[in-house]
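Undergrad: First residue of the sequence shown? That's 651 in our numbering, and the numbers climb one at a time after it.
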Amino acid sequence: MNIIIVKNKQELGKKAASVGTQIIKKAIKQRGYCNVILATGLSQFQVLENLLKEDINWNKIVGFHLDEYIGLPIAHPASFRLYLWKRFISRLPFPLNNFYFINADVNPETECARLGEIIKKHPVDVAFIGIGENGHIAFNDPPADFKTKKPYIVVQLDKKCKIQQYKEGWFKTIQDVPGRAISMSVQHILKSKTIICCAPDKRKAEVIRSAIKEKISPDCPASALQKHPDVYMYLDKESASLL
Numbered sequence: 651m652n653i654i655i656v657k658n659k660q661e662l663g664k665k666a667a668s669v670g671t672q673i674i675k676k677a678i679k680q681r682g683y684c685n686v687i688l689a690t691g692l693s694q695f696q697v698l699e700n701l702l703k704e705d706i707n708w709n710k711i712v713g714f715h716l717d718e719y720i721g722l723p724i725a726h727p728a729s730f731r732l733y734l735w736k737r738f739i740s741r742l743p744f745p746l747n748n749f750y751f752i753n754a755d756v757n758p759e760t761e762c763a764r765l766g767e768i769i770k771k772h773p774v775d776v777a778f779i780g781i782g783e784n785g786h787i788a789f790n791d792p793p794a795d796f797k798t799k800k801p802y803i804v805v806q807l808d809k810k811c812k813i814q815q816y817k818e819g820w821f822k823t824i825q826d827v828p829g830r831a832i833s834m835s836v837q838h839i840l841k842s843k844t845i846i847c848c849a850p851d852k853r854k855a856e857v858i859r860s861a862i863k864e865k866i867s868p869d870c871p872a873s874a875l876q877k878h879p880d881v882y883m884y885l886d887k888e889s890a891s892l893l
């Protein structure tokens with residue numbers, strides 16, 4: 651695991667986007683296209699902002715996103731589909747036609763199967779992800795399912811995850827946070843050739859320590875990243891303070 655500690659979120663986003671761009675361009679040069687996973691949340695603001703500044707041929711990108719709340723309308727401020735559209739896809743110089751959103755307004759099991767069949771045909775070159783305060787990657791809250799081979803699964807959100815979503819301002823009350831989501835599974839995230847993980851802020855220091863220093867456990871889903879041969883972990887001084 652490559653651990654990179656930077657001064658602030660701005661530098662974190664810039665460096666993560668720069669490394670990601672190199673991987674994307676290499677894949678496009680080698681076979682004409684690149685398969686990418688994009689994440690959402692506060693940790694990804696600067697990453698996406700800096701990716702927009704890079705010289706990438708987005709017509710050559712096949713994109714997927716990690717997770718989405720079940721039953722949350724796309725117009726809701728917390729919708730990850732809305733997040734990606736407003737903050738990234740709509741700001742590209744030309745449309746990203748091959749981006750597969752999670753449609754959480756239909757039967758979730760059917761949607762998991764649909765996306766699973768698509769992504770199996772597109773082995774992921776680079777995944778941009780974050781880590782939650784409870785150690786989740788995507789919405790795989792603890793204790794995460796480390797065994798399932800399904801690319802997308804239906805998951806239950808735990809209390810700590812719901813509190814984080816509420817405190818970050820995505821919902822007016824904690825009761826408004828949906829109880830379920832569609833999430834890319836841990837095993838499928840680990841299939842990505844390269845994982846670029848950004849996890850700033852003091853509030854994540856303890857879980858970062860657990861994910862990097864302690865044994866791999868479903869109780870800290872991010873610890874599964876220890877298994878991966880090519881992870882770039884971008885931290886700021888605060889999130890790295892307990893290492």
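Virtual Cβ for every residue (Gly too), placed ideally from N, Cα, C.
These numbers come from a predicted model, not from an experiment.
Could you name the residues of the same chain whose beta carbon sits closer than 7 Å to that of F749, not counting the 5 residues immediately before and after it, in chain order?
TA: The sequence position of residue 749 within the sequence shown is 99, counting from 1. Here the set comprises G713, I739.
Undergrad: Distance check for E783 and P792, CA to CA, integer angstroms please.
TA: As a first step, residue 792 is located in the sequence shown; it is residue number 142 there, counting from the start. As a first step, residue 783 is located in the sequence shown; it is residue number 133 there, counting from the start. Cα-Cα distance, rounded: 11 Å.
Undergrad: Taking the beta strand (DSSP E) that V774 belongs to, which residues open and close that run?
TA: Working through the sequence shown from its first residue, we reach residue 774 at position 124. That residue, V774, is in no beta strand (DSSP E); it is neither H nor E in DSSP.
Undergrad: How many whole angstroms separate the CB atoms of I654 and M883, which I take to be in contact at a CB cut-off of 8 Å?
TA: As a first step, residue 654 must be located in the sequence shown, where it is residue number 4. As a first step, residue 883 must be located in the sequence shown, where it is residue number 233. Indeed, because the Cβ distance is near 7 Å, the residues count as touching under 8 Å.
Undergrad: Does the stretch 687 to 704 come close enough to the stretch 848 to 855 to have 3 or more Cβ pairs within less than 8 Å?
TA: Yes, the stretch 687 to 704 touches the stretch 848 to 855.
Undergrad: Find the nearest neighbour of V804 within the set F796, N790, S891, P868, judged by alpha-carbon distance.
TA: Stepping through the sequence shown from its first residue, residue 804 is reached at position 154. Minimum Cα distance to V804 is reached at N790.
Undergrad: Assuming F714 is part of the beta strand (DSSP E), what are its boundary residues?
TA: Here residue 714 refers to the residue found at position 64 when the sequence shown is read from its first residue. Its beta strand (DSSP E) spans residues 711 to 715.
Undergrad: When you compare only the Cα positions, how much space is there between I794 and N709?
TA: Reading the sequence shown from its first residue, position 144 is the one you call residue 794. Reading the sequence shown from its first residue, position 59 is the one you call residue 709. It is Ala, not Ile, that sits at residue 794 in the sequence shown. So the two alpha carbons sit approximately 35 Å from each other.
Undergrad: Compute the distance between the beta-carbons of E656 and I846, then report whether it is under 9 Å.
TA: By one-based count along the sequence shown, residue 656 stands at place 6. By one-based count along the sequence shown, residue 846 stands at place 196. Residue identity differs from the one stated: residue 656 is Val in this sequence, not Glu. Not a contact, by the Cβ cut-off of 9 Å.
Undergrad: Starting from the C-beta of R830, find all residues in its chain whose C-beta is less than 8 Å away, skip the five residues before and the five after it, and write them out in chain order.
TA: What you label residue 830 is simply residue 180 of the sequence shown in a count that begins at 1. Closer than 8 Å at the Cβ level, and outside the excluded window around R830, lie Y719, I720, G721, P758, V804, V805, Q806, L807.
Undergrad: Pick helix, strand or coil for S891, following the three-state DSSP scheme.
TA: Within the sequence shown, residue 891 is the residue found at index 241, counting from 1. Here S891 sits in coil by DSSP.
Undergrad: Under 8 Å: do the stretch 723 to 732 and the stretch 764 to 776 share three or more Cβ pairs, one atom per stretch?
TA: No, the stretch 723 to 732 is not in contact with the stretch 764 to 776.
Undergrad: With DSSP run on the structure shown, which of helix, strand or coil describes N700?
TA: One-based indexing of the sequence shown puts residue 700 at position 50. If DSSP states are grouped into helix, strand and coil, N700 belongs with the helices.
Undergrad: Among Y683, Y802, I781, L734, which residue has its Cα nearest to the Cα of I769?
TA: As a first step, residue 769 is located in the sequence shown; it is residue number 119 there, counting from the start. If we check each option's Cα against that of I769, Y802 comes out closest.
Undergrad: Check the DSSP bridge columns for C684 and list the partner residues they point to.
TA: Locating residue 684 in the sequence shown gives position 34, counting from the first residue. Note: C684 sits in a beta bridge opposite I711.
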